[in-house]
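Only one structure is covered here, and it is reproduced in the block below.
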Amino acid sequence: MKKRHLHLIRLLNRGRRFTADELAIETGASVRTIQRDMLTLEELGYPIWSVPGTGGGYEMLPNRLLPPLQLREQEAVALYLTLKWMEQIPDVPFGDMRDTLSDWYVNELPHDLETKIARLEKNILWLGKRQVPPAPFTKDVYRAVEQRQNIELTYATTKGSRTFTVAPVGMALLDLKWYVYGLSDYGLRQYRIDRIETMHLLDETFEADDLVTLLEASDERIGVTVRINITPLGRRLLEDVLPDIAEKNEWIVPEAEFPFLSRQLLAAGAEVEVVEPTELREMMREQAERLWDLYR
């Protein structure tokens, strides 16, 4: 399938009617080429509805079963491995569908490719024994994000359960734990979905920037230079905490992140020393003293 064909499919999947002239402008092709492309896509099985005359054009029929993807062998294997990896992620928003997608997909492949994938299955593994707490509200949160509806949630904090009303602007998967990012009176906050005790979808909808834009804006908070001395072992222990830790010894960190950062740095013990700022050094000292009081 040509790159132009994929572009046309994405345009028609927007759910509105396009004239041949509009599609020609969008793709840089001639109207005659667009008309031939539409016939090609129809022959491939895409449910394209063409309306002749003034006000006519092309649109994709809703509630459709899409035809099979036309993939090269390596692309087909890569897609299968991606689906198998997805099965390792707990509480995917689409529920039990993740357990059958890869099987459904491989059954549609040619027999020789199916045999190759069956062999690969025993040689490409996703290992790890990390225990991940269940997050039963993931599917409900996804629905709220998709429909842009406010939610009321009761959340387990370190100081007990609290109830919030938030606008769920997006979700993220971090260390196999799902988070929802919500806008509230406190600004943009992230909540671990497995810590949600109850959740209600409210009737009110919200308007907000997308999550990427909001996170980029939050990164513009005024930061403070954090400089550390760290051993090779310390770099390995903290490689998931600080970016580019293999090469760097200092970072710009928002001051609000210091309490979290100090706890993470303390986990590396004497393999890391905070040089500056003084405020972060004091936090490290206080936490070390509390730890000493427990074991002396």
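Per our numbering: the sequence shown = residues 402 to 697.
Just so it is clear, CB atoms sit at the ideal spot from N, CA and C, and this is done for glycine as well.
Compare the C-alpha of Val-432 against each of Asp-541, Phe-419 and Asp-586 and name the closest.
-> Here residue 432 refers to the residue found at position 31 of the sequence shown. Closest option to Val-432, Cα to Cα, is Phe-419.
With 16 other CB atoms within 10 Å as the buried threshold, where does Leu-510 fall?
-> Against the sequence shown, residue 510 aligns to sequence position 109. Result: buried.
Under a Cβ-count criterion, where at least 16 other Cβ atoms within 10 Å of its own Cβ denotes burial, should Trp-579 be classed as buried or exposed?
-> For the purposes of this step, residue 579 is taken as the residue at position 178 of the sequence shown. Of the other Cβ atoms in all chains shown, 16 or more fall within 10 Å of the Cβ of Trp-579; this residue is therefore buried.
Element boundaries [beta strand (DSSP E), containing Tyr-587] = Looking up residue 587 in the sequence shown gives position 186. Per DSSP, Tyr-587 belongs to no beta strand (DSSP E) and is neither H nor E.
Mind checking Tyr-696: buried by the 16 CB within 10 Å criterion, or exposed?
-> Working through the sequence shown from its first residue, we reach residue 696 at position 295. Exposed, by the Cβ-count rule.
Distance between Ile-594 and Ile-490 (C-alpha atoms, nearest Å) = By one-based count along the sequence shown, residue 490 stands at place 89. By one-based count along the sequence shown, residue 594 stands at place 193. The straight-line gap from Cα to Cα measures roughly 14 angstroms.
Could you check the C-alpha separation between Ile-449 and Asn-414 for me, to the nearest Å?
-> Translated into positions along the sequence shown, residue 449 becomes position 48. Translated into positions along the sequence shown, residue 414 becomes position 13. Cα atoms of Ile-449 and Asn-414: separation of roughly 10 angstroms, rounded to the nearest angstrom.
According to the neighbour-count rule (16 or more other Cβ atoms, all chains shown, within 10 Å of its Cβ), is Pro-569 buried or exposed?
-> Walking along the sequence shown from the start, residue 569 turns up at place 168. So Pro-569 ends up on the buried side.
Looking at Tyr-447 and the ligand PLP, is the gap between the Cβ and the nearest heavy atom below 7 angstroms?
-> Because no ligand of any kind appears in the structure shown, any question about the ligand PLP cannot be addressed here.
Indicate whether Glu-677 and Arg-628 have their beta-carbon atoms separated by less than 8 angstroms.
-> Counting from one through the sequence shown, the residue named residue 677 turns up at place 276. Counting from one through the sequence shown, the residue named residue 628 turns up at place 227. Yes, they are a contact pair.
Would you identify the three-state DSSP class for Arg-415, choosing helix, strand or coil?
-> The residue you call residue 415 lines up with position 14 of the sequence shown. In the displayed model, Arg-415 falls within coil according to three-state DSSP, outside both helix and strand.
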